[in-house]
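Please read the structure below before turning to the comments.
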Amino acid sequence: MRAVSDESGEKSEREGAIETSAARSKGDGSTRLVIVLAAIAAIAGAMAIVPPGGVTARGLRIERMRGAADGRPLLLRVALEDGGTRNWRAPASVRVRAERAGGGTETVDGARVGRSPWVLVTLSNARYPMRLTVSADGHDVTTTLRADPPSPRFALSDQGRARVDVAVEGYVLTPEVGGAALFNGGPSLAGTVVDVAPDDPTLAIGPERATLDACGIVALYARPGGLAAPVLVRFRGEEHRFRLPLAPGAITTRIEGDTLTLAHPLGGLVAYVVSGDDRGPLRWEQHLLAAESDRTATARVALGGDAAWALASASTDFERVSGAWKRSPPGLSPCAATPLGEYFARIAAPTPPLPDITIVHDGAQHALDRREDRRGQNRRRALWVNALALGALAALMMRAARSTDTTLEREGLVRGSGAQRVAAYGVIALATMAFAFALAVQLRA
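Numbering (the working numbering), first residue to last: 152 to 596.
Okay, here's the thing in structure tokens:
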């Protein structure tokens with residue numbers, strides 16, 4: 152009887168051990184499942200906040216000057232842009248193909264110049280509507296352009312000009328670069344002797360004494376060294392104080408015949424040049440200024456025979472422009488008695504205002520929109536995965552919290568195992584998910 156009892160006890164111990172091992176295995180499996188579900192939920196939740204969107208949104212940015220009309224040139228500029236930024240760079244090369252209304256095509260190639268962020272292209276003879284294809288660095292864009300409303304011709308008037316006036320060649324001077332300055336007192340002061348003196352020690356100007364010509368004009372040479380260029384002019388007991396226009400960083404210009412000469416104190420600068428007639432711009436170009444022996448960087452630009460004026464700037468938006476008319480501006484009647492009369496009219500008269508620059512194609516924005524669409528799709532998928540994982544995790548934790556295991560309780564293994572262990576790992580998993588969400592929100596901000 153005792154033997155039978157011993158065998159029965161051993162059998163009960165073996166069965167208890169097996170149940171205990173099974174319960175432990177079940178608890179460990181539940182723990183691993185909690186961790187896996189929590190990881191899936193955390194990753195999916197983070198992707199819902201910061202969804203992947205693929206590569207950087209990049210595309211061609213194409214702009215043009217307004218004033219598009221049949222028979223007029225079309226002025227384009229092309230750059231590569233990263234979406235959501237102003238990080239533009241010029242493509243290595245650009246090819247533009249235009250298919251004009253009524254037949255005929257024109258193909259123009261453009262190339263990068265220096266550190267300029269743009270490639271400038273001029274199509275010589277446009278007809279609208281026009282189909283335009285732009286190819287650059289593996290990007291191809293096709294669009295259709297239409298003509299702008301017609302703009303009036305530009306004309307000036309002699310009315311309102313001051314009796315005594317001063318003008319500088321190119322509209323502005325820049326420090327450390329010399330240029331011509333003309334004093335104009337009018338024909339009534341012809342033959343008058345004037346005394347000229349700088350009112351700032353950093354300004355060099357001469358000659359100190361000169362006689363006005365038959366138009367009442369005298370040519371001076373000024374070279375500012377600082378940030379001010381005030382001049383005193385005395386004649387017939389009168390004293391006039393002028394402040395020569397000064398623009399630090401501007402490119403100075405001089406037009407002689409069909410040649411535009413650009414100058415700047417620094418070499419390696421890219422100059423943007425627009426030339427046109429009384430109806431508006433005809434072409435735009437960019438040129439690299441090369442330093443010469445006197446440390447002044449220069450470039451010479453050949454102007455077309457149809458150009459009546461030219462402007463230059465170191466800014467792609469044409470800030471701090473300088474320029475002049477190549478011939479007498481329309482609407483003015485300059486003094487014809489001496490060459491300085493026509494010269495003064497050319498450098499004193501304002502050129503036509505540049506038209507606005509408008510966007511033809513914003514490829515980076517289109518790419519950014521497509522990327523945001525992909526990110527929206529990824530966000531919705533991640534939210535579904537997150538919801539399923541959280542639902543499964545919650546069901547598992549509730550089932551574990553309600554379960555009782557007499558074998559584990561009898562063996563004293565409830566602490567750290569079974570339902571309490573699963574619930575504890577569930578709390579840790581939820582804390583980890585909260586941390587992942589907070590990190591994702593911070594990254595998105």
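Note that CB positions come from ideal geometry on N, CA and C, so glycine has one too. These figures come from a predicted structure and were not determined experimentally.
Spatial neighbours of Arg217 in its own chain (CB-CB distance under 7 Å, excluding positions within 5 residues in sequence) are listed in chain order as Asp299, Pro506, Asp507, Thr509. Glu214 and Asp468 have their C-alpha atoms spaced approximately 12 Å apart. The segment 456-496 is shown to contain whole beta strand (DSSP E) runs of 3 or more residues at 460-464, 473-476, in chain order.
For Leu340, the secondary structure class from DSSP, reduced to helix, strand or coil, is helix.
Looking at the backbone, the Cα of Ala348 and that of Leu354 are separated by about 9 Å. In the DSSP assignment, Leu439 is bridged to Val421. Scanning its chain for C-beta atoms nearer than 7 Å, with the 5 sequence neighbours on each side dropped, one finds around Leu271 the residues Arg228, Gly261, Trp435, Glu436, Gln437, in chain order. For the pair of segments examined, the segment 381-395 was found not to touch the segment 471-478: the number of CB pairs separated by less than 8 Å stays below three.
DSSP, read as helix, strand or coil, puts Gly222 in coil.
Between the C-alpha atoms of Tyr372 and Thr502 there is a straight-line separation of about 23 Å. Assignment of Ile402 by DSSP, reduced to helix, strand and coil, places it in the coil class. Gly427 sits in a strand when the DSSP states are folded into three classes.
In the DSSP assignment, the residues bridged to Leu324 are Leu397.
Under the DSSP assignment, Val285 falls in the beta strand (DSSP E) whose first and last residues are 281-287. Just measuring C-alpha positions, the residue of Pro416, Ala459, Thr449, Gly431 sitting nearest Ala220 is Gly431. Residue pairing from DSSP places Asp346 in a beta bridge opposite Arg360, Arg385. If you check the CB distance, Asp428 and Ala450 do not come in under 9 Å.
Taking the Cα of Arg374 as reference, the smallest distance to any Cα among Ile402, Gly367, Thr362, Gly330 is reached at Gly330. Boundaries of the beta strand (DSSP E) around Asn335: 330-335. Checking the DSSP bridge columns, you'll see Leu227 partnered with Arg215, Val272. Two segments are said to touch when three or more pairs of C-beta atoms, one from each, lie closer than 8 Å; by this definition the segment 400-412 does not touch the segment 253-260. In this structure, Ala379 sits away from Gly418, with a CB-CB distance that is not shorter than 9 Å.
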